[in-house]
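All letters in the sequence shown, in the order written, are residues 1 to 88 by UniProt numbering.
Glycine residues also receive a C-beta, built at the ideal position from the N, C-alpha and C atoms.
Working notes, beginning with the structure itself.
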Amino acid sequence: MEIESLKPVIKGQIVQYLNLLDINPEDIKDDEPLFGGDLGLDSIDSLELVVLLEREYGIKITNPAEGRKILVDVNHMAEYIIKNAKTA
């Protein structure tokens, strides 16, 4: 899968997994911080994103420090998925 075609998929999954009713996937910028920004995500949401990566892409994140490096924004998530996914 190409990284540019993966980004809209990730945005849709973020909205779906986190039940972000007031946000459209296309409104999320590729470089928008997932935490501490306009999305208003918190630590519980980060756990849901870890579940998303495992269920959708076969990626297990067990180290919180690694998770913080991956769950920065859609760009970081897409790059990590391309490099590490088992089912992408």
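Status (buried if at least 16 other CB within 10 Å, exposed otherwise) for residue i
| i | result |
| --- | --- |
| Val74 | buried |
| Met77 | buried |
| Ile70 | buried |
| Ile10 | buried |
Start and end residues, alpha helix (DSSP H) containing residue i
| i | result |
| --- | --- |
| Val15 | 3 to 17 |
Contact set for residue i: own chain, Cβ-Cβ below 8 Å, skip 5 residues either direction
| i | result |
| --- | --- |
| Ile3 | Ala78, Glu79, Ile82 |
Cα-Cα separation, residue i to residue j
| i | j | result |
| --- | --- | --- |
| Lys32 | Gly40 | Before going further, note that residue 32 is Glu rather than Lys in the sequence given. Their Cα atoms are separated by approximately 11 Å. |
| Leu34 | Asp22 | 15 Å |
| Glu66 | Asp27 | 26 Å |
| Glu48 | Ile59 | 13 Å |
| Gly12 | Ser5 | 12 Å |
6 Å CB neighbourhood of residue i in its chain, flanking five on each side removed
| i | result |
| --- | --- |
| Ala88 | Any reading at Ala88 must be qualified, since the residue scores a pLDDT of 45, below 50, and its modelled position is unreliable; the value itself is stated next. Excluding residues within five positions, the ones whose Cβ falls inside 6 Å are Met1, Tyr57, Ile81. |
Quiz prompt | Runs of beta strand (DSSP E) wholly within the UniProt domain "Carrier" (4 to 85) (minimum 3 residues, chain order) | solution = none
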